[in-house]
Amino acid sequence: MQEFVPSLIELSYLVAAVLFIVGLKKLGSPATARNGNRIAAVGMLIAIVATLLHQNVLNYEMILVAIAIGSAIGALMANRVEMTAMPQMVGLLNGFGGAASALVAVGEFWRYITSTTEVPLSETVTIVLSVLIGGVTFTGSLLAFVKLEGWISGSPITFPLQQPVNLTLLGTFLVASGFLIIDPHQPFVFLGLIGIALILGVLFVLPIGGADTPVVISLLNSFSGLAASAAGFVLMNNMLIIAGALVGASGIILTEIMCKAMNRSLANVLFSAFGAAQTMTSEGGSGITGDRTLRQIDTEEGAMMLGYAKSVVIVPGYGMAVAQAQHAVRELADQLERLGVEVRYAIHPVAGRMPGHMNVLLAEANVPYPKLYDMDDINPEFDRTDVALVIGANDVVNPAARHDRNSPIYGMPILEVDRAHHTIVIKRGMNAGFSGVENELFFKDKTMMLFGSAKPVIEQLVSAVKEF
Amino acid sequence: MAEGLMIGLVVFTLATFIGFEVINKIPPTLHTPLMSGSNAISGIAIVGAILVAGDRNWHLTTILGLVGVVLATINVVGGFWVTDRMLQMFKKKEA
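So the protein lines, in turn, are chains Z and C. Here the first sequence is numbered in the working numbering, starting from 20 and rising by one per residue. Here the second sequence is numbered in the working numbering, starting from 11 and rising by one per residue.
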């Protein structure tokens, strides 16, 4: 029996890995996604149970207590969280995952240096790597969480010599790792390494602004996977390596999609403190506001335009989510459909605070997902659209991205609402978007501005449309 | 040990490619659930934490391992649960 257990554990890990892959694959379609998630969860359960069978695992009671505590907290968080707060939730969970991986490495290190055994070179290297990735993921995610919660300002925080400081810290980390590799029995050097990793995580997220949060969350998601992989190398455990690699790959893909949607390179997102510096250039540069006129309408006129339209495309932005207006929006769509208007939704890849966030928010308001259109699918349709209704979105509908080479958002793919016959923009005020750029869409002849907070304005539109 | 490292690298590289292949086809609508779901999978660190916490004798390693188990479990349970909560809202037709 004793001889079979190790093979049984390895086989269970293989099954778990297969279930993870199948689960991720099923997450690829709305119809099968829920099952996919459950399949992956079963994989996780198998992996955990198999691990408890391991001959070195004797501390069952305490481990089960720890699992019970973690499950209670996790379930509570998952049940309580608002859908608007999903980026924070994912950010926090990323951080916990990263911290757990780093703790595995630290624990292994401690076990090695307190026992008499020689520490193999590869072991020290993987432990140091694991501490670096896990530590950065942990504090970086916590800071992203704090920023998203609004506990500190979401705008980029910069200080003089930021890059040199970062580079010095990274250099110090490498040198100290070298010392540790030569002689692992230096707990204080190791503590120093942990400290630097934690500080680097903070410094890495600090200069990144609110608009770039989708990128950061995706990247940290990838890191949390890589941290698990690194811990897998420390323990030479294929389960951790495989699962971590899958998550690492998925995070990288999402990061790339987000960067593409903003037409920026990853390096630019990480190091340029976007949104802080550009504000000044756009104000100093063109000075648009003064000489152009806005066309303002009230909700009665807005309701008329929408009610008599054949087709309406709704463009929701984060402003809609902040105002909690998604249920009102869906009611408006219902009323319009009652009048025979075709209503569709256009979702920009970076609408919301994380990839796909807007889709979740609309799904919560019971909007059927086939009515949500991706940017590439809806853009050719705007020519044939009577009214494009922009709610709390700004940069992602700014036509300057197409033609104004001086604009900081030049080249960013946008939703081409200005090609619709009419555009109605619901907006709180004339503040610039995340990028700090004035939006020329607002000054076009075909654009009507409807000022006010999204929720009351849409509720008024709903009651006006009801009268039809 | 170096041999183990090589095998690990092979496994890691192949798994990364599988990850790229599988996830590339996921539509933008599902990116948030994908992220929270894959996030739950990164809670696989729980396996490592259990192994580290396994020793019956109390010392620093055991304690670090147990803290790791708590954190990783939050990651696993919270991640899968919240993903399920999101996905149940995705409907083809209005209810």
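For every residue, glycine included, the Cβ atom is placed at its ideal position computed from N, Cα and C.
Proximity to residue i [Cα-Cα], best of the options
{"i": "Z:A483", "options": "Z:A365, Z:G47, Z:M324 and Z:V379", "result": "Z:M324"}
{"i": "Z:D414", "options": "Z:I227, Z:K446 and Z:S160", "result": "Z:K446"}
{"i": "Z:G228", "options": "Z:L289, Z:L189 and Z:T318", "result": "Z:L289"}
{"i": "Z:A328", "options": "Z:G153, Z:Q354 and Z:A124", "result": "Z:Q354"}
{"i": "Z:R363", "options": "Z:V436, Z:A340, Z:I316 and Z:V341", "result": "Z:V436"}
{"i": "Z:G321", "options": "Z:M258, Z:V41, Z:V481 and Z:A69", "result": "Z:V481"}
{"i": "C:V20", "options": "Z:E361, Z:I261, Z:S120 and Z:A97", "result": "Z:I261"}
{"i": "Z:A104", "options": "Z:Q343, Z:L408 and Z:V444", "result": "Z:Q343"}
{"i": "Z:E486", "options": "Z:R357, Z:F470, Z:D423 and Z:D396", "result": "Z:R357"}
{"i": "Z:P206", "options": "Z:L245, Z:T133, Z:A97 and Z:D423", "result": "Z:T133"}
{"i": "Z:A286", "options": "Z:P25, Z:A35, Z:L217 and Z:P226", "result": "Z:P226"}
{"i": "Z:V24", "options": "Z:E319, Z:F39, Z:G62 and Z:A69", "result": "Z:A69"}
{"i": "Z:T135", "options": "Z:N185, Z:L83 and Z:P203", "result": "Z:P203"}
Short Cβ contact (9 Å threshold) for residue i with residue j
{"i": "Z:A268", "j": "C:A25", "result": "yes"}
{"i": "Z:S160", "j": "Z:N113", "result": "yes"}
{"i": "Z:F223", "j": "Z:V266", "result": "no"}
{"i": "Z:G430", "j": "Z:G336", "result": "no"}
{"i": "C:V86", "j": "C:G53", "result": "yes"}
{"i": "C:K101", "j": "Z:N385", "result": "yes"}
{"i": "Z:I477", "j": "Z:A347", "result": "yes"}
{"i": "Z:Y32", "j": "Z:M258", "result": "yes"}
{"i": "Z:T145", "j": "Z:A249", "result": "yes"}
{"i": "C:V62", "j": "Z:E127", "result": "yes"}
{"i": "C:W91", "j": "Z:G89", "result": "no"}
{"i": "Z:L162", "j": "Z:G220", "result": "yes"}
{"i": "Z:R349", "j": "C:L97", "result": "no"}
{"i": "Z:M63", "j": "C:I56", "result": "yes"}
{"i": "C:H41", "j": "Z:G211", "result": "no"}
Any C-beta of chain C under 9 Å from that of residue i
{"i": "Z:M63", "result": "yes"}
{"i": "Z:G55", "result": "yes"}
{"i": "Z:K465", "result": "no"}
{"i": "Z:T298", "result": "Reliability of the predicted coordinates at Z:T298 is poor, the pLDDT of 41 falling under 50, and the value obtained from them is presented with this limitation in mind. For Z:T298, the answer is no, since every Cβ of chain C falls outside 9 Å of its Cβ."}
{"i": "Z:L351", "result": "no"}
{"i": "Z:S196", "result": "no"}
{"i": "Z:I272", "result": "yes"}
{"i": "Z:G47", "result": "yes"}
{"i": "Z:E383", "result": "yes"}
{"i": "Z:A163", "result": "no"}
{"i": "Z:T404", "result": "no"}
{"i": "Z:I92", "result": "yes"}
{"i": "Z:L254", "result": "yes"}
{"i": "Z:A407", "result": "no"}
{"i": "Z:G214", "result": "no"}
{"i": "Z:M96", "result": "yes"}
{"i": "Z:S26", "result": "no"}
{"i": "Z:M105", "result": "yes"}
{"i": "Z:G263", "result": "yes"}
{"i": "Z:F39", "result": "yes"}
{"i": "Z:P226", "result": "no"}
{"i": "Z:N282", "result": "no"}
{"i": "Z:P335", "result": "no"}
{"i": "Z:T70", "result": "yes"}
{"i": "Z:M339", "result": "no"}
{"i": "Z:P399", "result": "no"}
Proximal residues to residue i (C-beta, below 8 Å), its chain only, five neighbours per side dropped
{"i": "C:T93", "result": "P43, S46, G47 and A50"}
{"i": "Z:G47", "result": "G55"}
{"i": "Z:K166", "result": "S172, G173, V224, G229 and T232"}
{"i": "Z:V208", "result": "A195, F198 and L199"}
{"i": "Z:H440", "result": "T404, D405, V406 and K465"}
{"i": "Z:M102", "result": "V379, L380 and E383"}
{"i": "C:T83", "result": "G53 and I56"}
Beta-carbon proximity list for residue i, same chain, < 6 Å, skipping 5 on both sides
{"i": "Z:G116", "result": "S243"}
{"i": "Z:G371", "result": "Y337 and M377"}
{"i": "Z:Q315", "result": "M468"}
{"i": "Z:A59", "result": "F39 and G42"}
Chain Z within 9 Å of residue i, Cβ atoms only
{"i": "C:G47", "result": "yes"}
{"i": "C:F90", "result": "yes"}
Spatial neighbours of residue i in its chain, beta-carbon cut-off 7 Å, leaving aside the 5 residues before and after
{"i": "Z:I215", "result": "L188, T191 and F192"}
{"i": "Z:V369", "result": "P233, M277, A280, M281 and V415"}
{"i": "Z:E319", "result": "A483"}
Where residue i meets chain D, residues with beta-carbon distance less than 9 Å
{"i": "Z:D393", "result": "Of the protein chains in this structure, namely Z and C, none is chain D."}
May I ask you to list, following chain order, the residues of the stretch 115-130 of chain Z that have a beta carbon less than 7 Å from some beta carbon of chain C? F115, G116, A118, A119, S120, L122, V123, V125, G126, E127, W129 and R130
Closer than 7 Å, Cβ to Cβ, to anything on chain C: give me those residues from the stretch 418-443 of chain Z, in chain order. none
Please list the residues of the stretch 177-211 of chain Z that have a C-beta atom closer than 7 Å to any C-beta atom in chain C, keeping them in chain order. none
Can you list, in chain order, the residues of the stretch 146-174 of chain Z whose Cβ is nearer than 8 Å to any Cβ on chain C? none
Cβ-based contacts, 8 Å cut-off: residues of the stretch 341-365 of chain Z near chain C: none
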